[in-house]
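Peer 1: The sequence shown begins at 1124 in the working numbering and counts up one residue at a time.
Backbone N, C-alpha and C fix where the C-beta goes; we use that ideal spot for every residue, glycine too.
Quantities reported herein were computed from a predicted structural model and do not represent experimental measurements.
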Amino acid sequence: MYFREGYTKFPYRPSNGSEDCQNPTPNAGGIDLVNHPEKIDEILEIAQLPELKTTLIELNKPDSPFITLGCSHWIGKYDNSHFSYIEFTFKDAKIANNFNFLVQLEKDLHLFFIEKLTTGFTKEQRDSYATYLKDQVQVYFRKIQYQDDLELRNLLGLEFHFQDRQMVDFHHKALRHFLTQYLVLPL
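1. Using CA atoms only, rank isn't needed, just tell me which of Pro-1134, Lys-1176, Ala-1151, Met-1124 is closest to His-1294.
2. Lys-1132 by DSSP, collapsed to three states: which one?
3. Please classify Leu-1234: is it buried, with 16 or more other beta-carbons within 10 angstroms of its beta-carbon, or exposed?
4. Which two residues bound the contiguous beta strand (DSSP E) that contains His-1205?
5. Looking at C-beta atoms only, is the number of pairs between the region 1154 to 1166 and the region 1181 to 1197 that lie closer than 8 Å three or more?
6. Could you say if the region 1299 to 1309 and the region 1243 to 1262 meet the contact criterion of at least three C-beta pairs nearer than 8 Å?
7. Could you have a look at Thr-1254 and say whether DSSP puts it in helix, strand or coil?
8. Could you give the DSSP three-state label for Glu-1142: helix, strand or coil?
9. Which of the three DSSP states, helix, strand or coil, is assigned to Arg-1127?
10. What's the gap between the Cα of Gln-1270 and the Cα of Tyr-1135?
11. Can you check which of these residues, Ala-1219, Thr-1178, Thr-1254, Asn-1223, is closest to Leu-1116 by C-alpha distance?
12. Can you list, in chain order, the residues of its chain with a C-beta nearer than 8 Å to that of Leu-1298? Leave out the 5 residues immediately preceding and following it.
Given below as structure tokens:
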């Protein structure tokens, strides 16, 4: 897990987005999907990633402990690779600011990917995927102010970078299953 600069207040303003890709889309800004789930289709970056869209819907449900803050999907201008990220925090700022929990979440997520996504692999294939995963799935954090809350909280971001769109979307689906079915929140 590493620290990454970026916006520090949610919601953030819309912008032009990145032009350094094959599929430039405007940045819709910070959309509050917890209180306005009907705005999900304003996020143009999810058009090619149905699992990312489902993840956004699931993580922002009223009974979910999560709040999504941002996401994107770009196709590399020169190599056709696919890059996507999702950023989220927890509704409970105490959980969001429990850094030991966040570090453990990252470790558990990587183990989950290896265990669940390599069923039927040989040991050599599994080890190869585990090494590959370290480069292709990155986790970052930073402090943000969520709406008008006075207490800052940690944002977590997960980046996926794979050669094809299906693999990126597959990892968004796996992330959703990890967060909604396997992750145990601290008391």
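Peer 2: With the given structure in hand:
1. The candidate whose alpha carbon is nearest that of His-1294 is Lys-1176.
2. The answer is strand: DSSP assigns Lys-1132 an E or B state.
3. Here Leu-1234 is exposed. Its C-beta has fewer than 16 other C-beta atoms within 10 Å.
4. Under the DSSP assignment, His-1205 falls in the beta strand (DSSP E) whose first and last residues are 1205 to 1213.
5. The answer is yes - the region 1181 to 1197 touches the region 1154 to 1166, with three or more Cβ pairs under 8 Å.
6. With the cut-off at 8 Å, the region 1299 to 1309 and the region 1243 to 1262 do not touch.
7. DSSP places Thr-1254 in helix when its eight states are reduced to three.
8. Three-state result, Glu-1142: coil.
9. If DSSP states are grouped into helix, strand and coil, Arg-1127 belongs with coil.
10. When rounded, the distance between both Cα atoms is 9 Å.
11. Because residue 1116 is not part of the residues shown, which for the chain are 1124 to 1310, the question remains open.
12. Here the set comprises Thr-1178, Ile-1209, Leu-1232, Leu-1281.
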